[in-house]
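Residue numbers (the working numbering), protein chains in the order written: chain A, 647 to 904; chain B, 647 to 904. Worksheet: the structure to be examined is printed underneath.
There are 2 protein chains.
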Amino acid sequence: MTSKAPKEARARFRSGESGPTAGQAAGHTQANLVAVPADWAYDMLLFCQRNPKPCPVLDVTDAGAWSTPLAPGADLRTDLPRYRVWEHGELVDEPTDVVARWRGDLVSFLIGCSFTFEWALASAGVPLRHIEQGRNVAMYVTDRPCRPAGRLRGPLVVSMRPVPPRHLAAAIKESALLPAVHGSPVHCGDPGGLGIADLARPDFGDPVEAEPDDIPVFWACGVTPQAAVMASRPPYAITHAPGQMFITDARDEQYRVA
Amino acid sequence: MTSKAPKEARARFRSGESGPTAGQAAGHTQANLVAVPADWAYDMLLFCQRNPKPCPVLDVTDAGAWSTPLAPGADLRTDLPRYRVWEHGELVDEPTDVVARWRGDLVSFLIGCSFTFEWALASAGVPLRHIEQGRNVAMYVTDRPCRPAGRLRGPLVVSMRPVPPRHLAAAIKESALLPAVHGSPVHCGDPGGLGIADLARPDFGDPVEAEPDDIPVFWACGVTPQAAVMASRPPYAITHAPGQMFITDARDEQYRVA
Numbered sequence: 647m648t649s650k651a652p653k654e655a656r657a658r659f660r661s662g663e664s665g666p667t668a669g670q671a672a673g674h675t676q677a678n679l680v681a682v683p684a685d686w687a688y689d690m691l692l693f694c695q696r697n698p699k700p701c702p703v704l705d706v707t708d709a710g711a712w713s714t715p716l717a718p719g720a721d722l723r724t725d726l727p728r729y730r731v732w733e734h735g736e737l738v739d740e741p742t743d744v745v746a747r748w749r750g751d752l753v754s755f756l757i758g759c760s761f762t763f764e765w766a767l768a769s770a771g772v773p774l775r776h777i778e779q780g781r782n783v784a785m786y787v788t789d790r791p792c793r794p795a796g797r798l799r800g801p802l803v804v805s806m807r808p809v810p811p812r813h814l815a816a817a818i819k820e821s822a823l824l825p826a827v828h829g830s831p832v833h834c835g836d837p838g839g840l841g842i843a844d845l846a847r848p849d850f851g852d853p854v855e856a857e858p859d860d861i862p863v864f865w866a867c868g869v870t871p872q873a874a875v876m877a878s879r880p881p882y883a884i885t886h887a888p889g890q891m892f893i894t895d896a897r898d899e900q901y902r903v904a
Numbered sequence: 647m648t649s650k651a652p653k654e655a656r657a658r659f660r661s662g663e664s665g666p667t668a669g670q671a672a673g674h675t676q677a678n679l680v681a682v683p684a685d686w687a688y689d690m691l692l693f694c695q696r697n698p699k700p701c702p703v704l705d706v707t708d709a710g711a712w713s714t715p716l717a718p719g720a721d722l723r724t725d726l727p728r729y730r731v732w733e734h735g736e737l738v739d740e741p742t743d744v745v746a747r748w749r750g751d752l753v754s755f756l757i758g759c760s761f762t763f764e765w766a767l768a769s770a771g772v773p774l775r776h777i778e779q780g781r782n783v784a785m786y787v788t789d790r791p792c793r794p795a796g797r798l799r800g801p802l803v804v805s806m807r808p809v810p811p812r813h814l815a816a817a818i819k820e821s822a823l824l825p826a827v828h829g830s831p832v833h834c835g836d837p838g839g840l841g842i843a844d845l846a847r848p849d850f851g852d853p854v855e856a857e858p859d860d861i862p863v864f865w866a867c868g869v870t871p872q873a874a875v876m877a878s879r880p881p882y883a884i885t886h887a888p889g890q891m892f893i894t895d896a897r898d899e900q901y902r903v904a
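Following this line, the structure appears as structure tokens:
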């Protein structure tokens, strides 16, 4: 089965549209972007290898390239809804394309995104509150350090979805079968266990309203490399804006292990 | 549950014993070793990322280090049964330790090994012919190219196990649940489909006798980076000898996804 949905979504973003991508191009794999100078590429790749739950690598480009086999014809400089540009760990711009910001030495990392497993969760009957409420997913910086790699260090970032207890088993099992897009949750229940003080105040994305019996379930999040950029201050980096992902032509099923 | 078996096996190899490690230290994760100069480490890490079936990375050391969190106290220079030393892609030595061969710029990659999932196969009742016959597993160079990375290229290498048809489903399912140690088979049946001319003449390891109804089942193999060293000729490399693996303290279960 082929689908035009990813290409059409990318064309809308290329023409300037922006906004969260959760729920778009059903069944197609979404990816986080982090591009760093070639001099930092080994540290980033090693950081991802050492922290595979938050940073499952789907593809790495050659230096300067803006194409990927995950979406033939796509342009990584224009086809995401919104970008963030970083200089020495400081956010300096949030444009809808980075054509003028591109550099010939940038190596782009495409990292699995939890939006990918939301389709598996929805198919298993798990309600997705943020999509029901038309909001971006809620993301939080935790007190858990990632394992450093070279000059890169930083905290684990998680996304949170409130899950009714009767759907917990399905939510955990379905995501566990997709390890390339963060896999099983890193934590369920008390946000304090991750050093999160207040679920109503996410560090990225929108607060999401939970039903009274819902359990907060936390998955490792592909914004983690962005937190590493903030903490480690490479001279230059380009990332996606949290929740505004790169939509690939890849199918979620192809990352399912069994 | 802790076990002294991995430490005891490493101590035997440290004292000079050598030979295939299949069937040793039950339930503990075995790893392939490939160490390259730091200047080649990014190419190797990217090669592994682009070819995750043959090259699932379990750990990467800092340059010069011979320790790994996968086996605290172990010495990567002495604790494998046998090594191979490569200069410009040519095999120059096969010693039982590499203390005198070590260099301060070597980055070591520990890569998942199919011996790890043999315990899952055995638990599911799948017969393992090579262990029954006291032989090393049979490994073959295929005609399938790996996706290149920088200066590294080379063919996919596979291990083969003859599996009775009634055990095929279990063999495929059990290995699929362990993607960090090669996961599901890359091919079943006709060896010609992988460009393998004669199962009786493996490129590495020993020929294994099959029962008449057995189907040859091929899994991606961690000797693949060694084939890349032969094809790509980095100035220096140290690897394990095929089938003579590094036995870690990690437990096979921890790599199981569900």
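All residues carry an ideal CB built from backbone N, CA and C; glycine is no exception. Here the structure is a predicted model, which is why all the values come from computation and not from measurement.
Are the CB atoms of residue j and residue i within a distance shorter than 8 angstroms?
i: B:P888; j: B:V869; result: yes
i: A:M785; j: A:V809; result: no
i: B:Y882; j: B:W732; result: yes
i: B:V680; j: B:T885; result: yes
i: B:V744; j: B:V682; result: no
i: B:A672; j: A:Y688; result: no
i: A:I893; j: A:H734; result: no
i: B:G829; j: B:K699; result: yes
i: B:R807; j: B:R775; result: yes
i: A:L692; j: A:A795; result: yes
i: A:G665; j: A:I777; result: no
i: B:P825; j: A:P825; result: yes
Report yes or no: is there a C-beta of chain B within less than 8 angstroms of the C-beta of residue i?
i: A:V772; result: no
i: A:Q695; result: yes
i: A:V706; result: yes
i: A:V903; result: yes
i: A:V783; result: no
i: A:V703; result: yes
Which residue marks the beginning of the beta strand (DSSP E) containing residue i, and which one marks its end?
i: A:I861; result: I861 to A866
i: B:S805; result: P801 to V809
Could you give the residue range of the alpha helix (DSSP H) that holds residue i?
i: B:P870; result: The question names Pro, but residue 870 of chain B in the sequence shown is Thr. That run of the alpha helix (DSSP H) goes T870 to S878.
i: A:L756; result: Where A:L756 is concerned, there is no enclosing alpha helix (DSSP H), although the beta strand (DSSP E) it sits in stretches over L752 to G758.
i: B:M690; result: A687 to R696
i: A:T762; result: F761 to S769
Cα separation between residue i and residue j?
i: A:V770; j: B:I818; result: The question names Val, but residue 770 of chain A in the sequence shown is Ala. Going by the C-alpha atoms only, they are around 24 angstroms apart.
i: B:E663; j: B:A677; result: 18 angstroms
i: B:L767; j: B:P773; result: 8 angstroms
i: A:R793; j: A:Q872; result: 15 angstroms
i: B:D705; j: B:L716; result: 8 angstroms
i: B:D844; j: B:P837; result: 8 angstroms
i: A:E740; j: A:P727; result: 10 angstroms
i: B:G710; j: A:E855; result: 51 angstroms
i: B:I842; j: A:Y901; result: 28 angstroms
i: A:P652; j: B:L798; result: 32 angstroms
i: A:P718; j: A:A896; result: 10 angstroms
i: B:G758; j: B:T667; result: 14 angstroms
i: A:D751; j: B:V787; result: 35 angstroms
i: A:P858; j: A:D852; result: 19 angstroms
i: B:E820; j: B:T724; result: 32 angstroms
i: B:P849; j: B:V783; result: One point to set straight first is that residue 849 of chain B is Asp, not Pro, in the sequence displayed. Whole-angstrom Cα-Cα distance: 11 angstroms.
i: A:T714; j: B:W748; result: 38 angstroms
i: A:G780; j: A:Q890; result: 14 angstroms
i: A:A684; j: A:C694; result: 15 angstroms
i: B:C701; j: B:G800; result: 12 angstroms
i: B:P811; j: B:A846; result: 20 angstroms
Does any C-beta atom of chain A lie closer than 8 angstroms to the C-beta of residue i?
i: B:G829; result: yes
i: B:A822; result: yes
i: B:A687; result: yes
i: B:P666; result: no
i: B:P825; result: yes
i: B:V832; result: no
i: B:L692; result: yes
Taking the alpha carbon of residue i as the point to measure from, which residue in the options has its own alpha carbon closest?
i: B:W865; options: B:P715, B:S760, B:R696 and B:D739; result: B:S760
i: B:E736; options: B:R879, B:S754, B:R897 and B:E899; result: B:R879
i: A:I861; options: A:K699, A:C834, A:W686 and A:L752; result: A:C834
i: A:M690; options: A:L756, A:R790, A:T742 and A:H674; result: A:L756
i: B:D721; options: B:A657, B:G796 and B:V787; result: B:A657
i: B:D898; options: B:T762, B:P718 and B:F659; result: B:T762
i: B:P791; options: B:L823, B:A655, B:D725 and B:R696; result: B:R696
i: A:V703; options: A:A877, A:A684, A:C867 and A:M876; result: A:C867
i: B:A874; options: B:V827, B:L802, B:R812 and B:R660; result: B:L802
i: B:A822; options: B:W712, B:V903 and B:K650; result: B:V903
Quick check: is any heavy atom of the ligand NAP less than 7 angstroms from the C-beta of residue i?
i: B:V827; result: By its list of ligands, the structure shown contains no ligand whatsoever, and the ligand NAP lies outside what it can speak to.
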